[in-house]
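Right, one structure below, let's go through it.
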Amino acid sequence: MNVECPLCDHQKSIDQYSIKSGGNQYFVKICALCLHHYTWFDFEIKQDLLYTDDVYNVIDNRNSIYSKIMNFEYGKVLKYLSRKQLKGLRLLDFGSGKGVFLNLAYQADFVVAGVETAEARADFAQKKYGLHVYRSEYRNGKIGDGSYDVITLFHVLEHLPKPKILLQNLIDHNLKTDGNLVIEIPNLSSWQSKIAGRQWMHLDIPRHLSHFTNKRMKQFCNELNLEITREEYFSLHLGVLGMSESILSIFGYKGKIIKDLKQYNKKVMVALAMVLPLAFIVELSASFFNRGGIMRIYCRRNK
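In the numbering used here, the protein residues as written are 1 to 303.
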């Protein structure tokens, strides 16, 4: 059940719209107190079953074009983080998935650790990359030895029932003073969100419980005593893909583009090839106005 604001626990809200998924009806609401957007539902769901469909299937795509794009994009993140120190920085990737980013960090001479509760993904990271991944559900306290120079969370916060509490514990017990935090999440303020509305790819209800605007995200960082040092609003993979799906939705497409691509849906692949150049240009333009579909926020912990 999710009947109160995930950030401030306030129960009064403003209805925005409803969405049907899996035979159930969910509501996107705005908290009347802090103005955070979130998914509201008053029935119980088995959260682990939400991640068993084709979208979350573990596929070995290490040699694909998509993988090369991810490597390029996240390589730039690591280059920025290590600009003042070439090696030895301790990095914790919270919600490390298959270990793609964690492996890149290891290759870039970071001392790495990951947290991933999905067994299939943690197994992939361990067997394919030889990475050490903690699998226990985190509530509070140190992870390993704690005291990390960098903590990264790529598409994690939007899935959490209480993101503020978890992130505060993570910072207090694991991030060094003046340590860096990198958060990547969908941007509800984006052009692609406005184009697709309730069909937006990154709304992903009911898996996404929070829907951050860039304004609310900045307030959220301030509440956690974090200083924002850098903002990025362009993503070559999830951003351009999200814009592609939004454009296709104008012409009646109601599917899930990631799922269709994994299933090698030829019609969708042809349609994607046609709209991809336009999607790239529009998404790049949106990023200049902080309206890209994905926002990546770099923060520093204040003393």
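For glycine and all other residues, C-beta sits at the position ideal for the given N, C-alpha and C.
Does residue i come out as helix, strand or coil in the three-state DSSP assignment?
{"i": "residue 76", "result": "helix"}
{"i": "residue 210", "result": "strand"}
{"i": "residue 228", "result": "strand"}
{"i": "residue 163", "result": "helix"}
{"i": "residue 71", "result": "helix"}
{"i": "residue 203", "result": "coil"}
{"i": "residue 179", "result": "strand"}
{"i": "residue 218", "result": "helix"}
{"i": "residue 304", "result": "The requested residue 304 does not occur in the structure, where the chain is confined to residues 1 to 303."}
{"i": "residue 184", "result": "strand"}
{"i": "residue 138", "result": "coil"}
{"i": "residue 153", "result": "strand"}
{"i": "residue 93", "result": "strand"}
Taking the C-alpha atoms as reference points, what is the distance between residue i and residue j?
{"i": "residue 276", "j": "residue 214", "result": "25 Å"}
{"i": "residue 228", "j": "residue 302", "result": "10 Å"}
{"i": "residue 127", "j": "residue 74", "result": "21 Å"}
{"i": "residue 171", "j": "residue 156", "result": "15 Å"}
{"i": "residue 193", "j": "residue 237", "result": "16 Å"}
{"i": "residue 290", "j": "residue 219", "result": "16 Å"}
{"i": "residue 129", "j": "residue 260", "result": "27 Å"}
{"i": "residue 63", "j": "residue 104", "result": "14 Å"}
{"i": "residue 44", "j": "residue 137", "result": "20 Å"}
{"i": "residue 191", "j": "residue 288", "result": "11 Å"}
{"i": "residue 176", "j": "residue 147", "result": "5 Å"}
Where do the N-terminal and C-terminal ends of the alpha helix (DSSP H) with residue i fall, by residue?
{"i": "residue 123", "result": "119-129"}
{"i": "residue 103", "result": "100-107"}
{"i": "residue 282", "result": "266-288"}
{"i": "residue 262", "result": "257-262"}
Once the 5 residues before and after residue i are set aside, which same chain residues still bring their CB inside 8 Å of it?
{"i": "residue 111", "result": "88, 89, 90 and 91"}
{"i": "residue 3", "result": "11, 40, 41 and 42"}
{"i": "residue 278", "result": "247"}
{"i": "residue 168", "result": "224"}
{"i": "residue 6", "result": "36, 38, 160, 161, 162, 163, 164, 209 and 210"}
Taking 8 Å as the CB-CB limit, is residue i close to chain C?
{"i": "residue 175", "result": "No chain C is part of this structure, which consists of one protein chain only."}
Go through its chain and collect everything with a Cβ distance to residue i's Cβ below 7 Å, but skip five positions before and after it.
{"i": "residue 124", "result": "58, 98 and 99"}
{"i": "residue 221", "result": "228, 297 and 299"}
In the DSSP assignment, find the beta strand (DSSP E) that holds residue i and state where it starts and stops.
{"i": "residue 240", "result": "Segment 238-250 is the alpha helix (DSSP H) holding residue 240; no beta strand (DSSP E) there."}
{"i": "residue 297", "result": "294-301"}
{"i": "residue 24", "result": "24-31"}
{"i": "residue 14", "result": "13-21"}
{"i": "residue 36", "result": "Counting along the chain, residue 36 falls outside any beta strand (DSSP E), and DSSP gives it neither H nor E."}
Could you pull out every residue in the same chain whose Cβ sits closer than 6 Å to the Cβ of residue i, ignoring the five residues on either side in sequence?
{"i": "residue 272", "result": "244"}
{"i": "residue 196", "result": "246 and 249"}
{"i": "residue 257", "result": "245"}
* Asked: Within the chosen definition, does the region 177-185 reach the region 26-38 through at least 3 CB pairs nearer than 8 Å?
  -> Because the criterion of three Cβ pairs below 8 Å is not met, the region 177-185 and the region 26-38 do not touch.
* Asked: Is the region 291-299 touching the region 219-239, taking contact as three or more C-beta pairs under 8 Å?
  -> Under the Cβ criterion (8 Å, minimum of three pairs), the region 291-299 counts as touching the region 219-239.
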